[in-house]
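Be aware that the sequence shown starts at 92, since it is given in the numbering used here, and climbs by one per residue.
Think of the CB as a built atom: it goes at the ideal place given N, C-alpha and C, for glycine as much as any other residue.
Note that the coordinates shown come from a computational prediction; the quantities given were computed from them, not determined experimentally.
Before any comments, here is the structure.
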Amino acid sequence: MKSYPVFGDMDMADTTIAELMVKDHERIAKLLKDLTCCLDGTPETVNKVFNNLRWDIEKHFVLEEKSIFIHIDSGDDDLFKKMQVLLKEHERIKDLVRNVQVDLDNDRKIDVDELVKSLERHKNFEDSSFYPELDKQLNDDQKRGIRGSMVSCV
Ligand SMILES: [Fe+2]
Ligand SMILES: [Fe+2]
Numbered sequence: 092m093k094s095y096p097v098f099g100d101m102d103m104a105d106t107t108i109a110e111l112m113v114k115d116h117e118r119i120a121k122l123l124k125d126l127t128c129c130l131d132g133t134p135e136t137v138n139k140v141f142n143n144l145r146w147d148i149e150k151h152f153v154l155e156e157k158s159i160f161i162h163i164d165s166g167d168d169d170l171f172k173k174m175q176v177l178l179k180e181h182e183r184i185k186d187l188v189r190n191v192q193v194d195l196d197n198d199r200k201i202d203v204d205e206l207v208k209s210l211e212r213h214k215n216f217e218d219s220s221f222y223p224e225l226d227k228q229l230n231d232d233q234k235r236g237i238r239g240s241m242v243s244c245v
């Protein structure tokens with residue numbers, strides 16, 4: 092089973108949270124590509140590759156929700172609203188993942204088009220808007236804490 096290093100080549104102390112998250116998003120995108128490339132493979136292969144992806148999406152969302160979003164002040168209107176949109180999208184993506192799992196469990200052919208599109212949209216919004224804005228709001232202590240969570244979580 093393939094795995095992709097996350098922060099191996101990066102100097103964590105000098106890296107913005109946005110840059111770190113772009114890296115983690117790229118890793119998930121690669122796992123998603125592995126899945127779309129193996130859809131005609133054996134059920135065992137599809138199951139394995141999907142499990143890999145599902146686990147990484149779950150970890151990524153936990154990292155965002157429990158270690159990053161907690162730093163957003165409800166008084167920061169713009170960022171708080173963006174976070175609420177992102178949380179809704181997480182729920183929607185988790186539903187899509189569950190639906191694929193149900194199809195796999197019932198030996199049905201899976202369709203991941205909606206999951207691919209939703210993850211791509213979600214990632215683009217986080218990379219281009221949410222994380223660059225968040226980096227401007229966080230202090231050094233908060234950034235250090237987030238970096239620490241990322242290293243132990245991924
Ligand atoms: Fe997210
Ligand atoms: Fe993300």
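Check                                                                                                                                        : Outcome
Quick check on Val203: does DSSP put it in helix, strand or coil?                                                                            : coil
Run through the segment 96 to 164 for me and flag every whole alpha helix (DSSP H) of 4 or more residues, listed as ranges in chain order.   : 108 to 128 and 134 to 153
Any chance the segment 128 to 143 sits against the segment 205 to 212, with 3 or more Cβ pairs inside 8 Å?                                   : no
With hydrogens ignored, establish whether the beta-carbon of Leu177 is closer than 7 Å to any heavy atom of ligand 3.                        : This structure simply doesn't include ligand 3; it includes ligand 1 and ligand 2 instead.
Find out if the Cβ-Cβ distance for the pair Pro134, Asp198 is shorter than 8 Å.                                                              : yes
Should Lys157 be labelled buried (16 or more other beta-carbon atoms within 10 Å of its own) or exposed?                                     : exposed
Relative to the alpha-carbon of Ser240, which residue among His151, Arg118, Leu122 and Ile184 has its alpha-carbon at the smallest distance? : His151
Please list the terminal residues of the continuous alpha helix (DSSP H) segment that includes Asp196.                                       : Asp168 to Asp196
Which residue's Cα is closest to the Cα of Leu187: Leu144, Phe221 and Arg118?                                                                : Leu144
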